[in-house]
Amino acid sequence: MKNTTPHHHPKFGEFSSYLERFQSGLHDILARHPEIETRNHLQGLSAYLVRKIHETTPLSVFIPEEFGGWGGRPKESLSLVEAAAYESLSVGLTFGINSALFLDPVKKYADHKVREEVLRKFVDEKAMGGLMITEPDFGTDALSMQTVYQKVAGGYTIQGSKHWGGLTGLANFWLVAARKERENGKISRDLDLFICDMNDAEQRIEVTEFYQKLGLFQIPYGRNEVDIKVPETHRLIPQTSGIKMMMDSLHRSRLRLSGIGLGFIKRILDEATTHCRERIVGKKALLEYDQVQYRLAEIQAFFTLTSGLCLYASENTPLDTDLSGEGIQANAMKAILTDMMQEAAQSFMQLVGANGFRRDHIAGRAIIDCRPFQIFEGTNDVMYAQVSEM
403 MKNTTPHHHP KFGEFSSYLE RFQSGLHDIL ARHPEIETRN HLQGLSAYLV
453 RKIHETTPLS VFIPEEFGGW GGRPKESLSL VEAAAYESLS VGLTFGINSA
503 LFLDPVKKYA DHKVREEVLR KFVDEKAMGG LMITEPDFGT DALSMQTVYQ
553 KVAGGYTIQG SKHWGGLTGL ANFWLVAARK ERENGKISRD LDLFICDMND
603 AEQRIEVTEF YQKLGLFQIP YGRNEVDIKV PETHRLIPQT SGIKMMMDSL
653 HRSRLRLSGI GLGFIKRILD EATTHCRERI VGKKALLEYD QVQYRLAEIQ
703 AFFTLTSGLC LYASENTPLD TDLSGEGIQA NAMKAILTDM MQEAAQSFMQ
753 LVGANGFRRD HIAGRAIIDC RPFQIFEGTN DVMYAQVSEM
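Take a look at the structure:
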């Protein structure tokens, strides 16, 4: 039976109790199944493990109350991804992909009826969603994508190739970015986003290859061939242009990465501090060495800075705010945050020593798993250059 009763506006104690229950459950699952983090799941986790992680319906935190969720407000959304990333960066990113790259654009821009149908499936059926923008020949230069769509009777046809979409082959829904192909064969400069339902044969996207990714073992990535037809109502409705719609969504996603970063850096700080207090080197605790104290102080500073970024995101990224023009804030925060994540991980590895040079140790995992954050949604080198030119 479907759950159609929305939650009341969450009181602090009510939501914090739910969050504690979720985090405790996730911690237990990861402890009982270490292979979640240590084995490269090319096609994603097993259905059993996905069900266990989603047992408390965590994605309902991103869903409006009218559709059975907690409300989808920035504060609660950031708190959830922080709690998830503290336990597992991959789980935190999975939730971030679902919320910022799929659910937020759908909530803001989708046809009302389609929006309700999709959002209820996230609550009632624990569905997941992702975003396909990047193409084999167009990564950083995504706005030059060659995936095209045409208007036909009853909807749109979409053809092209996409890759590096997180949750490849696992998500139930996708947002696919494409440009309109005109009658003369030329491609429009603007773009559009379309909702694709993998349960519909006409909308199903074929996975032609799963990538042997270096880290983030839980999340499947790969190459997809898109040759589908979607209903007319599955096109998102931009308020001005499609590019502004996409930038509004991507800037919100970049700003809210701070939630993932906060959980990740807090875990590193806790683990590194405990290790340095307990590890004895030369008849004194590792914590007593000057360089060790410097590294811990730097990680503490990263945690403090990231807390500030998270507060900014909680106050400035509500769905009704147009963030398409917030490139300086979004790009700068994304680049600085993800650089801090990698620097914290590198210091953690140095403090732990040889034991950290293992996939089944959190220090080794941290370095590899946070590395792509400096690349995806715009490589940091380009982010810094764009900020300097704005």
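Each residue of the sequence shown is one higher than the last, beginning at 403 in the numbering used here. From the three backbone atoms N, C-alpha and C, an ideal C-beta is built for every residue, glycine too.
Contact between the region 610-624 and the region 581-590 (3+ Cβ pairs under 8 Å): With the cut-off at 8 Å, the region 610-624 and the region 581-590 do not touch.
Segment contact, 8 Å Cβ cut-off, at least three pairs: the region 471-488 with the region 644-652: Under the three-pair Cβ rule at 8 Å, the region 471-488 does not count as touching the region 644-652.
Spatial distance of residue 695 from residue 475 (CA atoms): Distance between residue 695 and residue 475, taken at the CA atoms: about 38 Å.
Residue 747 versus residue 682 - alpha carbon distance: Cα-Cα distance, rounded: 21 Å.
Cutoff 7 Å; reference residue 702; Cβ partners in own chain excluding five residues on either side: Within the same chain, residue 702 has close Cβ partners 671.
Alpha-carbon spacing of residue 518 relative to residue 494, whole angstroms: Going from the Cα of residue 518 to the Cα of residue 494 covers about 25 Å.
Sub-8 Å separation of residue 668 and residue 420 beta-carbons: In this structure, residue 668 sits away from residue 420, with a CB-CB distance that is not shorter than 8 Å.
Collapsed DSSP secondary structure at residue 627 in the structure displayed: In the three-state DSSP reduction, residue 627 falls in the strand class (E or B).
Unbroken stretches of the beta strand (DSSP E), 3 residues or longer, contained in the region 509-561: If we require 3 residues or more, the beta strand (DSSP E) runs fully inside the region 509-561 come out as 531-534 and 550-554.
Proximity below 8 Å, CB of residue 525 to CB of residue 471: Yes.
CB of residue 502 within 8 Å of CB of residue 665, strictly: With respect to residue 665, residue 502 sits apart: the two C-beta atoms are not nearer than 8 Å.
For residue 759, the three-state DSSP class (helix, strand or coil): Here DSSP, grouped into helix, strand and coil, assigns residue 759 to coil.
Presumed contact (8 Å Cβ cut-off) between residue 751 and residue 765, rounded CB distance: The C-beta separation of residue 751 from residue 765 comes to about 5 Å, placing the pair in contact by the 8 Å criterion.
Nearest to residue 444 (by Cα), restricted to the options 699, 633, 436 and 622: Nearest C-alpha to residue 444 among 699, 633, 436 and 622: 622.
Residues near residue 516 in its chain [Cβ-Cβ closer than 7 Å; skip 5 each side]: For residue 516, the CB contacts under 7 Å within the same chain, skipping 5 residues up- and downstream, are 597, 635 and 636 in chain order.
C-alpha distance - residue 427 paired with residue 706, whole-angstrom precision: Near 27 Å, if we compare the C-alpha coordinates of residue 706 and residue 427.
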